[in-house]
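Trainee:
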Amino acid sequence: MNVQNKNKLLTTFLAPALLLGCGQGPEISFNTDIKPIFDAKCIECHKAGGVGEEKSGLNLESYDSLMKGTRFGKVIDPGHSVSSTLVILIGDRADPSIRMPHGDREKLDDAQIALIKQWIDQGAKNN
Numbered sequence: 004m005n006v007q008n009k010n011k012l013l014t015t016f017l018a019p020a021l022l023l024g025c026g027q028g029p030e031i032s033f034n035t036d037i038k039p040i041f042d043a044k045c046i047e048c049h050k051a052g053g054v055g056e057e058k059s060g061l062n063l064e065s066y067d068s069l070m071k072g073t074r075f076g077k078v079i080d081p082g083h084s085v086s087s088t089l090v091i092l093i094g095d096r097a098d099p100s101i102r103m104p105h106g107d108r109e110k111l112d113d114a115q116i117a118l119i120k121q122w123i124d125q126g127a128k129n130n
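Residue numbers (my numbering): 4 to 130.
1) Using DSSP with H/G/I as helix, E/B as strand and the rest coil, what is Gly76?
2) Since Thr73 and Gly60 should fall inside the 8 angstroms C-beta cutoff, what is the C-beta to C-beta distance between them, to a whole number of angstroms?
3) Would Gly82 and Ala114 be called neighbours here (beta carbons separated by less than 9 angstroms)?
4) Taking the alpha carbon of Arg108 as the point to measure from, which residue in Ile119, Ile93, Leu118 and Ala117 has its own alpha carbon closest?
5) For Ser84, report the span of its alpha helix (DSSP H) as first-last.
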């Protein structure tokens, strides 16, 4: 096999395999990375008996309750942060009247939102 054929084989098979992992970054952990954000910024309202849980049905106390979503539907679309309702509600795309957190509560910063998006894009795993 000559050099051109070897290069062609490498380009055809190896390059796509390498590209599959590009852009994902390190694996984000729900328990280590995401839950602490929810605990700091969201759990005050979105826990059993909290105002947010009572109004929407969204409870952020556990992975299972998060993935259950609200009485209106799921808030996480694993693998697709752009279409996940949670990302819309914590970001700038939501109407100010429904943006989370409500009122004068401290908003999530850009790094926290980016981490949540990355976790969702990685499949929103329970890890």
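C-beta: ideal position from N, C-alpha, C; glycine also.
Mentor: Working from what's here:
1) strand
2) 4 angstroms
3) no
4) Ile93
5) Premise fails: Ser84 is in no alpha helix (DSSP H) and is neither H nor E.
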